[in-house]
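Protein chains in written order, with my numbering: chain A, 25 to 331; chain B, 2 to 305; chain C, 454 to 991. What follows is a short report on a single structure.
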Amino acid sequence: MSVSTSDTTITHEPPFPVRMARMLWADKFALCAVIFLLIIIVLALVGPSWLGELATKQNLRGRNLAPFDWSREWVWWMGADALGRPLLARIIVATQNTIMVAAGAVILSSVTGTLLGLVAGFSSPRVGQVIMRLADVIMSFPSLLIAVIVLYLLGSSILNLVAVLSITRIPVYLRTTRAEVLEIRERMFVQAARVMGASQNRILFRHILPVVFPTLTTLATLDFAYVMLAESALSFLGIGIQPPAITWGLMISQGRQYLTNAWWLSFWPGLAIIMTTLSLNLLSNWLRIALDPVQRWRLEMKGRKNG
Amino acid sequence: MLSFIRKRSVASLISLVGLLVLVFFLSRLTGDPAALFLPVEASAEMKQQFRELHGLNDPLMVQFGRYVGDVVTGDLGESLRKARPALGVVTEAFVWTLWLAVITMSLVTAAAIVVGSLAAFRSGGFFDRLSSIISLVGASVPDFWLAIVAIVVFSVNLAWLPTSGTGSILHWILPIAVLFVRPFGIIVQVVRGSMIGALSSAYVKTARAKGVKAGPIIFIHALRNAMLPVITVIGDQAASLLNGAVVVETIFGFPGVGKLMIDSILQRDFNVVLAAILVTALAIFLMNLLIDLAYALLDPRIRH
Amino acid sequence: MAEHLLEVRNLSVEFHTAAGVVHAVRNISYHLDRGETLAILGESGSGKSVSSAAIMNLIDMPPGRISAGQILLDGKDLLTMPPQARREANGRRIAMIFQDPLSHLNPVYTVGWQIREAMTTHGMPAEQARSEAVRLLTRVGIPDPEGAMGKYPHEFSGGQRQRVMIAMALALRPDLLIADEPTTALDVTVQAEVLALLKELQRETGMGVLIITHDLGVVAEIADRVVVMEKGELVETGTVRDVYKNPKHPYTKKLIGAAPGKGEMHIAQLSGEPLLSVRDIRKRYGSFDALKGVSFDLRAGETMAIVGESGSGKSTLARVLLRLDEPDAGTAHWKGRDLFQLSPSELYKLRRDLQMVFQDPTQSLNPRMTVFQLVSEAWAIHPDILPKRQWRERVAELLVQVGLSAEHMSRYPHQFSGGQRQRIAIARALALEPQLIVCDEAVSALDVSVQAQVIALLDKLRRDMGISFIFIAHDLPVVRDFADYVMVMQKGEVVELGTVREIFETPREAYTKALLAASLDPDPDVQAEHRAARLKRA
Chain A
25 MSVSTSDTTI
35 THEPPFPVRM
45 ARMLWADKFA
55 LCAVIFLLII
65 IVLALVGPSW
75 LGELATKQNL
85 RGRNLAPFDW
95 SREWVWWMGA
105 DALGRPLLAR
115 IIVATQNTIM
125 VAAGAVILSS
135 VTGTLLGLVA
145 GFSSPRVGQV
155 IMRLADVIMS
165 FPSLLIAVIV
175 LYLLGSSILN
185 LVAVLSITRI
195 PVYLRTTRAE
205 VLEIRERMFV
215 QAARVMGASQ
225 NRILFRHILP
235 VVFPTLTTLA
245 TLDFAYVMLA
255 ESALSFLGIG
265 IQPPAITWGL
275 MISQGRQYLT
285 NAWWLSFWPG
295 LAIIMTTLSL
305 NLLSNWLRIA
315 LDPVQRWRLE
325 MKGRKNG
Chain B
2 MLSFIRKRSV
12 ASLISLVGLL
22 VLVFFLSRLT
32 GDPAALFLPV
42 EASAEMKQQF
52 RELHGLNDPL
62 MVQFGRYVGD
72 VVTGDLGESL
82 RKARPALGVV
92 TEAFVWTLWL
102 AVITMSLVTA
112 AAIVVGSLAA
122 FRSGGFFDRL
132 SSIISLVGAS
142 VPDFWLAIVA
152 IVVFSVNLAW
162 LPTSGTGSIL
172 HWILPIAVLF
182 VRPFGIIVQV
192 VRGSMIGALS
202 SAYVKTARAK
212 GVKAGPIIFI
222 HALRNAMLPV
232 ITVIGDQAAS
242 LLNGAVVVET
252 IFGFPGVGKL
262 MIDSILQRDF
272 NVVLAAILVT
282 ALAIFLMNLL
292 IDLAYALLDP
302 RIRH
Chain C
454 MAEHLLEVRN
464 LSVEFHTAAG
474 VVHAVRNISY
484 HLDRGETLAI
494 LGESGSGKSV
504 SSAAIMNLID
514 MPPGRISAGQ
524 ILLDGKDLLT
534 MPPQARREAN
544 GRRIAMIFQD
554 PLSHLNPVYT
564 VGWQIREAMT
574 THGMPAEQAR
584 SEAVRLLTRV
594 GIPDPEGAMG
604 KYPHEFSGGQ
614 RQRVMIAMAL
624 ALRPDLLIAD
634 EPTTALDVTV
644 QAEVLALLKE
654 LQRETGMGVL
664 IITHDLGVVA
674 EIADRVVVME
684 KGELVETGTV
694 RDVYKNPKHP
704 YTKKLIGAAP
714 GKGEMHIAQL
724 SGEPLLSVRD
734 IRKRYGSFDA
744 LKGVSFDLRA
754 GETMAIVGES
764 GSGKSTLARV
774 LLRLDEPDAG
784 TAHWKGRDLF
794 QLSPSELYKL
804 RRDLQMVFQD
814 PTQSLNPRMT
824 VFQLVSEAWA
834 IHPDILPKRQ
844 WRERVAELLV
854 QVGLSAEHMS
864 RYPHQFSGGQ
874 RQRIAIARAL
884 ALEPQLIVCD
894 EAVSALDVSV
904 QAQVIALLDK
914 LRRDMGISFI
924 FIAHDLPVVR
934 DFADYVMVMQ
944 KGEVVELGTV
954 REIFETPREA
964 YTKALLAASL
974 DPDPDVQAEH
984 RAARLKRA
């Protein structure tokens, strides 16, 4: 009786976290990005309570103090602003608002967008069409302009800012999720689950969502960078975060009038934005490969060569 | 093909109408419209007068009917600040932005296709790495920051280029350069990925088996297929170029529709804001139609 | 000694991958003369396509590397030729056709343009190339060749697309044609036509043909000599007849032994009440009639094979019976209850009785679930079958039953081979203890030797557990040893329904006869008889 299999070679695989760590080690750019982002997150959490006082105390003798004065305390190394407040300390304190607005918008938009996408992809075609048309309305107009208009109508506050930024980003998740759901629900393993009698919820949350999840993670990382840029642009235009609260975008705006004699006022917060968005982009590129079973070998191969 | 285009335009038209409705209700439902349309310092009496004059005390649906009627006949009201029809003010500004967008997008598209294709052809090579670093940084830089840094360097320190205005060709260089960066970074990455896919496809294998040279394989066999996903991204980027235009026009004092919109918002000239939204939305609608058309031209499978 | 048209000498090709260096082919040698057909026979992973890719210069380097050997075309080594000369040999001296013509034709250019390009690339003037292209399309049997020139690949059927590929490959009358699984994706009747066309064209032009296949039937039909490959090595070579009648290498013996359609046929016992009674099922998709009134009965413990080509409606029937699609009309009584009238809760209960095994196990197993999760999901959905603490034990039992072992429980599907994955899918179906399993092309995607193993497993389950099967296939030989009844379908209708003996020995309908005639026998002598009979009829 030949019911036993002819080939018994079954490849071994280490557990998920170990593999991710190895793949991260294999991509040094992504590793740096992750480390940088971890620092940013820590600063966002402790920044205001740690340096809040220092960042708001005016010091008229230190107005527009130039950077790279190593003889002073480290918070002054990036110079000071027009009111003599140390820039480095202000950047660290501003991390919290900047990250909080972006994180709030990304979480809100990704959760709503994903849920709507699941509904649009899995319910009757008519409901799906209605949801998609709404997304089209939002997508048919530049997001920054929508934000400008809505903030003008509703007034600017952190909450409104988060809300409007997330509304403009919902279609991104919605479309991706719906497209994936439409594709995955026709896949054989979903059909197999249906044949076993699996309920809609089970199919949606056990079979479809886990397959869409990596794509959404990659997308959310990329979107975090996008939302951050949008928030800073709005704050720069004066309709985002209002003083005395600060974000990096607002700091650039405040430094703009001193451009000719104190470039550092705008330069450093801009650099903070670039470093963070760059890290997010790098991380997203890495995730795209690391979470894709078809492409993963590229990183695993590199890791083997290095280690 | 015609039915494809018709279907797509109906879909976008619905979006356009949706936007109209949204803007109307947002402007009427959020507190007092008179406060939006009139200067901040207007007295309660003036507001009352304004409401009666514009029928703002009528039922909402009546107002909506009137609004739709006005929009269809092209009557978008007067600019309160300039005492001219709002539509005229907006179209005047829009031409500037259109030129800015067309020039920038043409440059971006051409550059991104060349750089992305070359990077894909020798993927993993030096040029590929260089282009991916440039495109990553390009996609990460805030445009307003880039704009003011560019002013500091090229206008203030080097004094090569003017800081603002529209007098000469020199005035266009900085706005275009700043607007160029982000879409370029994004499109290069898409071209590269799409091109790598096309170059490893089965039909390229067939072409190699036929003995076709490397040049035609890249630029005839692979590129046309690779352009299909790229076109969609070009469309998206062209639309969001208007995002950048708001910032860049404000900084460089460029009299386009982005600057007009911000100025009108700050001056509470709501008719102009509304007209600007409508004109922009219409332009995006037409552009999407163009994108669909280009898509159908490139891919015979869509035409059927 | 005269020079051979093609001679491959001691060729070794390796690929550098994540798992280290893979030796795709190791030290293989073979030759081919003008007017001759050589088949390279092998299963997936045998490296059968690698040497032809090397001949065509289609190996991507890196990750590939030709580590040793020569490829002589009329005595000149292709591997050491300057790039320019090497490129010009492609299309002019050697040409190639592929398995999947849809993806191998450029979707955005017309067929006429692509055939012309094959000629203009090598310097033919455009006008001449155009008239040549029309002549070629006429020759390969494309209707309305002038009109076809302006059409795109997606506007043709699968068989026509392969004809277009052939026209393109033969444009410059090459000396050598390489055909890589040219008929694998085609229906059997179309396969026979395409192979016949290749043979005719070879007689006309005198070219050498190198055909790569996994199918002994194709070898028997078209080849003069055969090279058998296993895991990158050449294990046997000789004339087709010699190799088939006197295989020397154990692998060749196993391959020939695994070819379907040679065992004892079942004798059906006509007794008992029907378990499933299907009457007049109809289903439309838009304007396309997928099922135009299908009826049959199935008794407990019986196996009904449903055979048909693409578009016959056989898979739609399976989907409708399992309520994955809703029928437009008709009834299907399961133990006296109409399946199509069940309420959701009744349907949920019924799911336990009716299970399905799909064609491609790579697709039908959720890639993010372990084998344990995959098999035990049945009990998560139907909690009353088995208490949770017994799951582990029962999964282990089922895995052993399908020929795997208990320690495979924590693995993911991608860690298994194709045949092993199909065993997991069968274990999953068994978890619900069903009375009927519908197998939709369940062995079509598997290698011949694995196919035989999986059918043996299904046969054992049938005998041990009395499970009924509906076994859907596009190929008649596969169902011959396994089915009690065979239902032949064409364009949504039942053409013929009978016991397996009736269908194979005394078919009544012309279509059944055509299907039988078109299906290829691995025995070259039998196949030669078929060919002679076909010629006489024509």
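Where a beta carbon is used, it is the ideal one built from N, C-alpha and C, also for glycine.
Quick check: the Cα distance between residue i and residue j, rounded to an integer number of angstroms?
i: residue 262/B; j: residue 264/A; result: 16 Å
i: residue 60/A; j: residue 190/B; result: 23 Å
i: residue 864/C; j: residue 820/C; result: 11 Å
i: residue 58/A; j: residue 165/B; result: 40 Å
i: residue 138/A; j: residue 60/B; result: 37 Å
i: residue 94/B; j: residue 155/A; result: 34 Å
i: residue 86/A; j: residue 94/A; result: 15 Å
i: residue 145/A; j: residue 648/C; result: 44 Å
i: residue 19/B; j: residue 148/B; result: 34 Å
i: residue 483/C; j: residue 974/C; result: 25 Å
i: residue 185/A; j: residue 269/A; result: 13 Å
i: residue 154/B; j: residue 111/B; result: 27 Å
i: residue 230/A; j: residue 830/C; result: 10 Å
i: residue 174/B; j: residue 138/B; result: 20 Å
DSSP three-state label for residue i, please.
i: residue 561/C; result: coil
i: residue 736/C; result: strand
i: residue 76/A; result: helix
i: residue 324/A; result: helix
i: residue 313/A; result: helix
i: residue 282/A; result: helix
i: residue 758/C; result: strand
i: residue 88/A; result: coil
i: residue 272/B; result: helix
What residues of chain C sit near residue i, judged by a beta carbon separation below 7 Å?
i: residue 211/A; result: 816
Quick one: is residue i near chain F, going by C-beta distance under 8 Å?
i: residue 299/B; result: The structure shown has no chain F; the protein chains it does contain are A, B and C.
Going along chain B, which residues have a C-beta under 9 Å from residue i?
i: residue 157/A; result: 12, 15, 16, 19
i: residue 511/C; result: 206, 209, 210
i: residue 313/A; result: Going along chain B, no residue has its Cβ under 9 Å from residue 313/A, so there is no contact; the nearest lies around 12 Å.
List the residues of chain B that residue i touches, going by C-beta distances under 8 Å, in chain order.
i: residue 556/C; result: 202, 203, 204
i: residue 394/C; result: Chain C is shown only over 454 to 991; residue 394/C falls outside these bounds and no answer can be derived.
i: residue 548/C; result: 210, 211
Closer than 7 Å by beta-carbon distance: list the chain B residues that pair up with residue i, in chain order.
i: residue 545/C; result: 212
Using 7 Å as the cut-off, classify the Cβ of residue i as near or not near the heavy atoms of the ligand COA, replying yes or no.
i: residue 288/A; result: Only the bare structure without any ligand can be found here, which leaves the ligand COA out of the picture.
So which residues on chain C does residue i lean against when the C-beta distance must stay under 9 Å?
i: residue 4/A; result: This structure leaves residue 4/A out entirely; chain A is present only between 25 and 331.
Listing by chain order, which chain A residues have their CB less than 7 Å from the CB of residue i?
i: residue 141/B; result: 249, 298, 301, 302, 305
Contiguous beta strand (DSSP E) assignments of at least 3 residues, all confined to the segment 827–882 of chain C
Taking only runs of at least 3 residues, no beta strand (DSSP E) segment lies wholly in the segment 827–882 of chain C.
Which residues, in chain order, does the segment 218–235 of chain A contribute to contact with chain C at a C-beta distance below 9 Å?
218, 219, 220, 221, 222, 223, 226, 230, 231, 234, 235
In the segment 274–304 of chain A, which residues sit with their C-beta less than 9 Å from some C-beta in chain B, listed in chain order?
276, 277, 279, 280, 283, 284, 287, 290, 291, 293, 294, 295, 297, 298, 299, 300, 301, 302, 303, 304
Beta carbons nearer than 7 Å to chain B: which residues of the segment 245–265 of chain A have them?
249, 253, 256, 257, 260, 261
Cβ-based contacts, 8 Å cut-off: residues of the segment 570–604 of chain C near chain B:
570, 571, 574, 575
Just list the alpha helix (DSSP H) runs in the segment 692–735 of chain C, keeping only unbroken ones of 4 residues or longer that don't cross its boundaries, in chain order.
693–698, 703–711
Which residues, in chain order, does the segment 118–138 of chain B contribute to contact with chain C at a C-beta distance below 7 Å?
none
For the segment 87–99 of chain B, which residues have a CB atom closer than 7 Å to at least one CB atom of chain A, in sequence order?
none
Which residues, in chain order, does the segment 221–239 of chain B contribute to contact with chain C at a C-beta distance below 7 Å?
222, 225, 226
Which complete beta strand (DSSP E) runs does the segment 640–697 of chain C hold, if anything under 3 residues is left out?
661–666, 678–683, 686–692
Those runs of the alpha helix (DSSP H) which lie wholly inside the segment 129–179 of chain B and span at least 4 residues
Those alpha helix (DSSP H) runs which fall completely within the segment 129–179 of chain B and span 4+ residues are 144–151.
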